[in-house]
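Data block below; observations after.
In full-length UniProt numbering, the protein residues as written are 1 to 321.
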C-alpha cells in the first residue's frame with residue numbers, strides 16, 4: 001500500500017483528554033490536526049477548511065456526530081471525505097444510523113492506537129485512490145473530448161472539415177425547417193488550384209489553402225454562419241436564416257477578401273493572383289426538398305460560375321428562396 005500523504009484531519013471531540021490523545025496520534029503520523037469541540041463548530045470548520053478526513057465523536061451535547069455527518073454529506077464537496085465515527089460502545093443500531101448518514105468506519109474510544117492508525121491510514125489511502133481514479137477518468141474524458149473536437153477540424157487549415165460540415169448542415173437544416181426560415185449553401189473553389197500546385201509546388205499550395213481558409217472564416221460574422229473545408233481546394237459555407245440576396249452579399253465579401261490578400265498565382269487563367277469562384281443555393285426547407293438536392297444545386301451553380309469565367313459567383317436558378 002502506498003504511504004498516505006500529509007492530510008488535514010478534523011478531530012471532533014468534546015472531551016479534552018480524548019482530543020489531546022487523538023491529536024498526538026495524528027501529529028505522530030505526520031498529519032495536520034484541527035479540533036472542533038462541538039457539532040456546530042465542526043460544521044463551520046469543515047466547511048471552511050475541507051479536511052481530508054474527519055474523526056467524529058458520535059455523542060455530543062448539542063447535535064450529535066451522526067447529524068453533523070448527515071449535514072456534511074449532503075454537500076458534494078464532502079462526498080469523498082471519509083468520516084470515522086468514534087463511539088463509546090459498539091451499539092449496532094447507532095452504528096447503522098451512522099453508516100446511513102455517510103460514515104465510512106468506526107472505532108471505539110480507548111481502542112489500541114494501532115487500530116486507530118490502521119483505520120485512519122486505510123481510509124486516507126482509499127480516498128486518495130478514489131481521487132486518482134476520478135482524476136484519470138476526468139483526464140480520459142477531456143482527452144476524448146479533445147479528440148472529438150480534433151476529428152471535426154481540418155488538419156491543414158484548422159477550420160471545420162467535411163464531417164463537421166455534414167453534422168452542422170444536418171442540424172441547421174432541421175432548425176430551418178422547424179422555424180420555416182431560409183438556409184443558404186455557398187460552394188467555393190479556388191480557381192485553377194491545380195495549376196497553382198503544378199507551378200509553385202504542393203507546400204506552397206498548402207500555405208495558400210491555409211490563408212484562404214483563414215480569410216473565408218473571418219467573413220463568417222454571425223455565430224450561426226460557418227465555413228468548412230469540403231475537400232481539396234473546395235470550401236463550403238452554411239448561412240442560416242439567409243436569403244439568396246444575403247448569401248450573395250456574404251459571398252462577395254469572401255471573394256473580395258481573397259482579392260485583398262494578393263496571393264501570387266502564376267498559373268491562373270483569370271489574373272496574377274489567387275481568385276475564388278462559388279455557387280449559391282438557398283431555400284426554405286419543406287417536406288419534399290432534401291439537403292442533398294440543395295448541395296447539388298449549389299455545386300451546379302459553382303460549375304456555372306467557372307464556365308462564365310471564374311472569379312465570380314452564380315446563384316442557382318433551380319432552388320432559390
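All residues carry an ideal CB built from backbone N, CA and C; glycine is no exception.
With which residues is residue i paired in a DSSP beta bridge?
i           : result
residue 53  : 9
residue 235 : 188, 229
residue 108 : 87
residue 279 : 187, 314
residue 193 : Partner(s): none; residue 193 has no beta bridge.
residue 264 : 273
residue 240 : 183
When the Cα atoms are used, what is the spatial distance from residue i to residue j?
i           : j           : result
residue 37  : residue 146 : 48 Å
residue 159 : residue 63  : 60 Å
residue 26  : residue 32  : 7 Å
residue 30  : residue 6   : 6 Å
residue 105 : residue 143 : 36 Å
residue 169 : residue 80  : 44 Å
residue 185 : residue 73  : 54 Å
residue 260 : residue 212 : 11 Å
residue 199 : residue 209 : 15 Å
residue 286 : residue 204 : 44 Å
residue 226 : residue 313 : 18 Å
residue 107 : residue 114 : 11 Å
residue 180 : residue 173 : 10 Å
residue 11  : residue 138 : 31 Å
residue 16  : residue 9   : 17 Å
residue 65  : residue 82  : 13 Å
residue 84  : residue 141 : 32 Å
residue 337 : residue 75  : Nothing about residue 337 can be reported from this structure: the residues present for the chain run from 1 to 321 only.
residue 116 : residue 167 : 58 Å
residue 255 : residue 178 : 31 Å
residue 156 : residue 206 : 7 Å
residue 215 : residue 288 : 35 Å
residue 196 : residue 268 : 7 Å
residue 258 : residue 248 : 15 Å
residue 128 : residue 295 : 55 Å
residue 304 : residue 133 : 59 Å
residue 14  : residue 21  : 13 Å
residue 334 : residue 171 : Residue 334 cannot be examined here, being either before or after the span of the chain that is shown, 1 to 321.
Quick one: what does DSSP say residue i is sitting in, helix, strand or coil?
i           : result
residue 317 : coil
residue 35  : strand
residue 209 : helix
residue 1   : Since pLDDT at residue 1 reaches only 44, below the 50 mark, its modelled position is unreliable, and the value read off the structure follows with that caveat. The answer is coil: DSSP assigns residue 1 none of H, G, I, E or B.
residue 295 : helix
residue 79  : coil
residue 202 : helix
residue 150 : helix
residue 259 : helix
residue 102 : coil
residue 158 : coil
residue 308 : coil
residue 170 : helix
residue 178 : helix
residue 43  : helix
residue 216 : helix
residue 142 : helix
residue 15  : coil
residue 21  : helix
For my contact list, residue i and residue j are in at a C-beta cut-off of 8 Å; report their separation, rounded to the angstrom.
i           : j           : result
residue 277 : residue 189 : 5 Å
residue 70  : residue 101 : 4 Å
residue 39  : residue 68  : 4 Å
residue 284 : residue 244 : Wrong, their Cβ atoms sit about 11 Å apart, outside the cutoff.
residue 124 : residue 52  : 6 Å
residue 224 : residue 240 : 4 Å
residue 231 : residue 162 : 6 Å
Exercise. Is the stretch 50-69 in contact with the stretch 93-112, if contact means three or more CB pairs nearer than 8 Å?
Worked result: yes
Exercise. Counting pairs of beta carbons, one from the stretch 177-197 and one from the stretch 229-242, are three or more of them closer than 8 Å?
Worked result: yes
Exercise. With contact counted as at least three CB pairs below 8 Å, one residue from each stretch, are the stretch 150-165 and the stretch 257-274 in contact?
Worked result: Touching, no.
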